[in-house]
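Chemist: In my numbering, each residue's number is its place in the sequence shown (first place is 1) plus 22.
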Amino acid sequence: MEAPFTATSWDGITGAIYAGHGSVEGMWVAASLALVVVAIIFGWRHEHHAYKALKK
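1. Measuring straight from C-alpha to C-alpha, what distance separates K74 and H68?
2. Give me the Cα-Cα distance between H70 and L76, rounded to the nearest whole angstrom.
3. Could you check what DSSP says for K78 in three-state terms: helix, strand or coil?
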């Protein structure tokens, strides 16, 4: 994992440190969003099918 500083110890490190610095969090956010959309679509299709089966 890449660190946003070059120190070799925690002495002198102040402030907030973002652990995601230099990683591919954008890809994981996009993958998560795609999975949410897929889950919503499949859930809607299932509910639509179940509602039609109940009406019969």
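All C-beta atoms in this analysis are idealised placements derived from N, C-alpha and C, irrespective of residue type, glycine included.
Modeler: From the atom records:
1. Along the sequence shown, one-based indexing puts residue 74 at 52. Along the sequence shown, one-based indexing puts residue 68 at 46. When rounded, the separation of the alpha-carbon atoms in K74 and H68 is 10 angstroms.
2. For this step, residue 70 is matched to residue 48 along the sequence shown. For this step, residue 76 is matched to residue 54 along the sequence shown. Their Cα atoms are separated by approximately 10 angstroms.
3. Here the question's residue 78 lines up with position 56 in the sequence shown. Per DSSP, reduced to three states, the secondary structure at K78 is coil, with no helix or strand assignment.
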